[in-house]
Amino acid sequence: MKIEPFGVEMWMNAHENNCLHNLAETCVTSLTLAELLQITGRNDGDLAELLPLKLTYGAIEGSDRLRDAIAALYANRTREDVMTCHGTAGANALVWQAMVGAGDHVVSLVPTYQQHVSIPESLGAEVTRLALDESDGWLPDPDRLAKALRPDTKVIALTNPNNPTGALIDRDGLTRIAEIADRVGAHVLVDEVYRGTEQDGGIGPSIVDIYHRGIATAGMSKAFSLAGLRLGWVVGPQDVLRAVSHHRDYSTISVGMIDEHLAALALEASDRILERSRRITRANLATLGAWIDAEPGLAWVRPAAGTTALVRYDLPMASEAFCLDLLAEEGVLFTPGAVMGVEGTLRIGFGNPPADLAAGLPKVSAFLARKRARQS
């Protein structure tokens, strides 16, 4: 199987360990094990429970305890509606492998996480890229979506909250998408890995709470600050989970028992962990917003959720060149919009430790001032 190189991941692999201030990071500041125990109200006794654990494959479909904790994140789901995977990336890959093949039609709302374009294309599907419009707040236009569908459309794919823009489709918007999909019997796959990082209110609705053909993927990385567990999941209809299971047997078998134990601890205290994540991202977005407002030549649609913002700049240079120069001169890492198909923009992460953001942004201002001075 041939597949397009993964632009964002290649960029991060090359540069994220060679910077002073990683403002390309998309996870809310990661938790240590000690912090996890503290925030969940546990103690070392919970780790001691692992000592007699025989490290078998464990429950193949995921432990009952973990799947119960995952199901509790949704309105009317049980453990039977949940399948664990190796991260959200693994969940996405398995869903695509299970759902589409040569000749199938997919509509993917872009910009998005590249998996939702390149994987179905690699499987032989025809992918219609439906571009989100900045003037619409990076939210989908229902009329344009309806026109993009065909009688044979198999899947509509999107990220919500959106990566990279931070746009958030509310319940009414998701309901409208579901109604449009239902006309042709299409599934709606929503990558919800940033769900729980809303700027206003608490955790928002999931597509599986709204649409009977809805499929949600998520994991422990972004909103839950535990990327190192490499644990994700699929929630969806039984026929979809059966198809995913067939492919999962070839590539996953099961998720690590220690990872499952720690993930269950975290999810059983999801309200406290997500409260921490929202506290960090809300404070950081205020810092980022004040900086953008004061910086001439930058423009954005303020994110409603997530950990990233897509920011336009007015310098006459490609985004990759911009980011490479910024890294070399100031040690600050952004992600170039070009690797997400949105040239002339920068993806800036705001899930970082607040001190890192506060230290990095003035360096970007100095960089911008030098670049503009050279033009004049």
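Start counting the sequence shown at -11; every next residue gets the next number (the working numbering).
Glycine included, every Cβ here is placed at the ideal spot set by N, Cα and C.
Legend entry - Beta-carbon proximity list for G192, same chain, < 6 Å, skipping 5 on both sides: E186
Legend entry - G220 beta carbon near the ligand GDP (any heavy atom closer than 7 Å): With respect to small molecules bound, the structure shown includes none, and the ligand GDP cannot be examined in it.
Legend entry - Inside the region 155 to 213 only - alpha helix (DSSP H) runs reaching at least 4 residues: 159 to 172
Legend entry - Q226, buried or exposed, once every other Cβ within 10 Å from all chains shown has been counted against 16: exposed
Legend entry - Where N150 falls, given that 16 or more other Cβ within 10 Å makes a residue buried: buried
Inset, instruction - Would you mind working out which of V178, G78, M71 and R290 sits nearest S383, comparing C-alpha positions? - result: A query on residue 383 cannot be resolved here, the shown segment of the chain reaching from -11 to 364 and no further.
Inset, instruction - Kindly list the residues whose CB is nearer than 6 Å to the CB of A36, restricted to its own chain and excluding five residues on each side of it in sequence; keep chain order. - result: none
Inset, instruction - Below 8 Å on the Cβ atoms is my guess for C7 versus V320; work out the distance and round it to an integer in Å. - result: 7 Å
Inset, instruction - Under the assumption that P152 contacts M(-11) (Cβ atoms under 8 Å), give the Cβ distance between them as a whole number of angstroms. - result: Between M(-11) and P152 the Cβ distance is about 26 Å, and since that is not below 8 Å, they are no contact.
Inset, instruction - Decide yes or no for the touch test of the region 236 to 253 against the region 211 to 222: beta carbon pairs closer than 8 Å, at least 3 of them. - result: yes
Inset, instruction - Assign N272 to one of two classes, buried (16 or more other C-beta atoms within 10 Å of its C-beta) or exposed (fewer than that). - result: buried
Legend entry - C-beta atoms of A113 and V94 nearer than 8 Å: yes
Inset, instruction - Tell me whether C73 sits in a helix, a strand or coil according to DSSP, three-state version. - result: strand
Inset, instruction - In angstroms with no decimal places, state the Cα-to-Cα distance between S258 and F212. - result: 8 Å
Inset, instruction - Mark A365 as exposed unless 16 or more other C-beta atoms lie within 10 angstroms of its C-beta, in which case mark it buried. - result: The chain is shown only over -11 to 364; residue 365 falls outside these bounds and no answer can be derived.
Legend entry - Cβ neighbour criterion (16 or more within 10 Å) applied to A357: exposed
Inset, instruction - Can you tell me the Cβ-Cβ gap for L82 and R236, rounded? I've got them flagged as a contact below 8 Å. - result: 6 Å
Legend entry - Where P324 falls: helix, strand or coil (DSSP): In the structure shown, P324 sits in a strand (DSSP, three-state: E or B).
Inset, instruction - Assess, as a yes-or-no matter, whether the region 136 to 144 is touched by the region 163 to 174 under the definition of 3 or more beta carbon pairs within less than 8 Å. - result: yes
Legend entry - the region 22 to 42 contacting the region 342 to 351, beta-carbon criterion three pairs below 8 Å: Here the region 22 to 42 makes no contact with the region 342 to 351; the two share fewer than three CB pairs at distances below 8 Å.
Legend entry - Residue ranges of each beta strand (DSSP E) within the region 288 to 317, 3 or longer: Within the region 288 to 317, the runs of beta strand (DSSP E) at least 3 residues long that lie entirely inside it are, in chain order, 296 to 301.
Inset, instruction - Between the Cα of T296 and those of S194, V222, G89 and R183, spot the shortest distance and give me the residue it belongs to. - result: R183
Inset, instruction - In angstroms with no decimal places, state the Cα-to-Cα distance between L276 and F338. - result: 7 Å
Inset, instruction - Verify whether the separation of the beta carbon atoms of V289 and W126 is less than 8 Å. - result: yes
Legend entry - For E114, the first and last residue of its enclosing beta strand (DSSP E): E114 to A119
Legend entry - L314 beta carbon less than 8 Å from that of V352: yes
Legend entry - Distance CB(V181)-CB(V223) smaller than 8 Å: Result no, Cβ atoms of V181 and V223 do not sit closer than 8 Å.
Legend entry - Boundaries of the beta strand (DSSP E) in which R335 is found, first to last residue: T333 to G337
Legend entry - Start-to-end residues for the beta strand (DSSP E) that takes in T153: Per DSSP, T153 belongs to no beta strand (DSSP E) and is neither H nor E.
Inset, instruction - For T66, count neighbouring Cβ atoms within 10 angstroms of its own Cβ and tell me buried if that reaches 16, exposed if not. - result: exposed
Legend entry - Endpoints, the beta strand (DSSP E) within which L146 is located: Unbroken beta strand (DSSP E) run through L146: T141 to T147.
Legend entry - Reference R132, options G154, V98, Q102 and D158, closest by Cα: V98
Legend entry - Local Cβ density within 10 Å of K142, reported as buried at 16 or more and exposed below that: buried
Inset, instruction - State buried or exposed for L262, treating a residue as buried only when at least 16 other CB atoms are found within 10 Å of its CB. - result: The residue in question, L262, is buried, as its Cβ has 16 or more Cβ neighbours within 10 Å.
Legend entry - For V330, the three-state DSSP class (helix, strand or coil): coil
Legend entry - Where V243 sits in the DSSP three-state scheme: coil
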